[in-house]
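Asks: In the numbering used here, the protein residues as written are 10 to 130. From the three backbone atoms N, C-alpha and C, an ideal C-beta is built for every residue, glycine too.
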């Protein structure tokens with residue numbers, strides 16, 4: 010839960026004016042002691058860490074459709090990113106690797122498939 014800047018300032022002001030300990034001020038405002046310690050160091054809340062994705066998701070869907078048997082490192086080379094980046098992007102799209110039931114057991118093979126939730130209605 011993120012507390013407003015006004016509330017944080019109020020807590021620190023009361024702590025300073027009444028010369029309260031960290032535990033006392035935390036108990037009074039029903040917050041964690043760690044929060045008071047953190048606010049005394051840095052009052053502002055940290056921003057979100059959402060970074061824009063480097064990969065075009067529509068292009069990745071088309072790549073999966075064109076090359077269903079491709080390995081992650083092959084897709085990564087085509088898109089110019091790491092294998093982990095491909096893995097995370099496929100996970101966000103709901104694409105998982107499934108065994109191909111048409112192949113025999115002596116020649117195991119896996120393919121990427123789109124889940125039902127990503128198909129247009």
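Tell me whether residue 20, by its Cβ, gets closer than 6 Å to a heavy atom of the ligand MG.
Replies: The ligand content of the structure shown is nil, which means the ligand MG is not present either.
Asks: What is the DSSP secondary structure of residue 90, counted as helix, strand or coil?
Replies: coil
Asks: Curious, which full-length alpha helix (DSSP H) runs of at least 4 residues does the stretch 29-69 contain?
Replies: 31-38 and 42-50
Asks: State yes or no: is the C-beta of residue 92 within less than 7 Å of the C-beta of residue 82?
Replies: Yes. Within cutoff.
Asks: Please state whether the Cβ-Cβ distance between residue 88 and residue 104 is less than 7 Å.
Replies: Taking 7 Å as the Cβ cut-off, residue 88 and residue 104 do not qualify as a contacting pair.
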